[in-house]
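The sequence shown begins at 21 in our numbering and counts up one residue at a time. C-beta atoms are modelled at their ideal positions from N, C-alpha and C, and glycine is treated no differently. Heads up, the thing below is written out as structure tokens.
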Amino acid sequence: MKPTPFKLTRFSSLITGLLAGLALLLSGCESMPPPSVANVGYEFDSNFNFESVGTFAIVRPESPSPISPILRKNILNETANRLTRMGYTEVAKPADADILVSVHGTSKQVVDSVTYSNVYYTRTYRRSSWIYFGGYPSTYITTSEEGTLLIDIADAKSKELVWRGWGIRKFTLDTKVSTEQIQESVKRLLLNFPPPSR
């Protein structure tokens, strides 16, 4: 679905059930399996002329963030490297830039539950047959962190946001993230920058 431009102001058996539950627990223990962000999206100001952009400056928000300082630094460095490879020039002073680039993150705990209806059979030797017994439901609960990584790009003159890309995946926003995962995340988020022309 094409994003809408915006005007900014914004068991059959018990064993099977146990195995399934174990698989859920193991998947919940993964910190951040590649690709680093599973769901990506973006929005932009349709009135901004992205074709006029040639330079950018990295800015560091003063507001608190669940992203660790080291992880934020690594993401910003990769964002700058990616934009440079795309043909943009990084400048040291925000006043000399066409756009300002910053990184933000949010995190919330997510609880998932899956219920299985277990059934089992037993054999009666008198009739040499199998008898079905209704089982009992088993519920498996896992908790994880759902993190959202955002890359914001603002017009350096007006300081208004003109483009935002985001990626969502279940992981913890800490320093236990590989370089490859950071590179993959930033790459996917910036695939739609600049946005397609009208």
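Closest residue to residue i among the options (Cα-Cα distance)
i, options, result
"T93", "V60, Q203, N212, T75", "Here residue 93 is Lys; the residue named in the question, Thr, does not match the sequence. Nearest of V60, Q203, N212, T75 to K93, Cα basis: Q203."
"A198", "I95, I78, P81, G187", "It should be noted that the sequence gives Ser, not Ala, for residue 198. Nearest C-alpha to S198: I95."
"T75", "N101, E166, S127", "N101"
"R184", "Y160, Q129, Q201, L211", "L211"
"G187", "S158, A77, L169", "L169"
"V134", "E110, V79, T163", "T163"
"G125", "G167, K113, I161, P215", "G167"
"D172", "Y108, R105, M106, V123", "V123"
"I119", "L103, A77, T99, Q201", "A77"
"S217", "T159, R189, S72, N59", "S72"
"P114", "Y62, S158, A174", "A174"
"S88", "S127, V60, T104", "S127"
"A112", "I161, V121, R105", "V121"
"S205", "E98, P214, F213, Y108", "E98"
Boundaries of the alpha helix (DSSP H) in which residue i is found, first to last residue
i, result
"N97", "89-105"
"E204", "199-209"
For residue i, the residue or residues it bridges with in DSSP
i, result
"S133", "I161"
"D175", "I119"
"K128", "E166"
"K110", "First, the amino acid is wrong: residue 110 is Glu here, not Lys. Partner(s): F76."
Residue i - containing beta strand (DSSP E), residue span
i, result
"E63", "59-64"
"A77", "75-78"
> Below 8 Å, can you find three or more Cβ-Cβ pairs linking the segment 59-72 to the segment 172-184?
Replying inline: yes
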